[in-house]
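In my numbering, each residue carries its 1-based index in the sequence shown increased by 2.
Note that the Cβ used here is the ideal one computed from N, Cα and C, for glycine as well.
The block underneath contains the structure these notes are about, expressed in structure tokens.
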Amino acid sequence: MTADPECIFCRIVAGEIPADVVHESATTLAFRDLMPQAPTHVLVIPRSHYPNAAALATGEPATAAHLFDAAREIAADEGLENGYRLVFNTGADAHQTVFHVHMHLLGGRSMDWPPG
Ligand code: DGP
């Protein structure tokens, strides 16, 4: 497993920073976003440090799939039968601010398209 001691999400994985964890597996961790944009807003991350989704898919493709398995289980736990949105912000134009890949799982309200 790769880790970056400067990375805030690696520090959450290590238990150095508290988080409201809703799901975990051997390869993934999921916790509620500090600045929720929907009634359910969970970040699903790999335990290993990769800067973005493409790097994860190349480095640990099975773990990339595990993120989607986790999202399905969390959506069921959160009662999101009406649907939910999965988002990977990638790079500056997409407003990525934390460079440890994270899947946003958003649900519990109706959403607009296109996104802002
Ligand atoms: P993004 O803009 O896609 O890089 O999203 C980063 C998200 O991470 C943003 O919605 C806020 C959230 N976030 C940042 N720091 C922390 C933290 O320390 N704990 C938690 N739970 N969420 C955080």
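Can you give me the Cβ contacts of residue i inside the same chain, cut-off strictly under 6 angstroms, excluding the 5 residues immediately before and after it?
i: C9; result: H51, H102
Can you list, in chain order, the residues of its chain whose CB lies under 7 angstroms from that of residue i, leaving out five sequence neighbours each side?
i: A40; result: L108, G109, G110, R111
At a threshold of 7 angstroms, does residue i count as lining ligand 1 (C-beta to nearest heavy atom)?
i: I19; result: yes
i: T42; result: no
i: H1; result: No answer is possible for residue 1: it lies beyond the span of the chain, which begins at 3 and ends at 118.
i: V23; result: no
i: R111; result: no
Residue i lies in the beta strand (DSSP E); which residues open and close that run?
i: F33; result: 30-34
i: V146; result: Any property of residue 146 remains undetermined from this structure, which presents the chain solely from 3 to 118.
i: H106; result: 105-109
i: H97; result: Per DSSP, H97 belongs to no beta strand (DSSP E) and is neither H nor E.
So the alpha helix (DSSP H) residue i belongs to, where does it begin and stop?
i: R13; result: 10-15
What's the gap between the Cα of residue i and the Cα of residue j?
i: A78; j: T30; result: 17 angstroms
i: F33; j: A16; result: 13 angstroms
i: T60; j: N54; result: 10 angstroms
i: H97; j: R13; result: 21 angstroms
i: M3; j: G85; result: 32 angstroms
Ignoring anything shorter than 4 residues, give me the alpha helix (DSSP H) runs that lie fully in the segment 37-64, in order along the chain. 55-61
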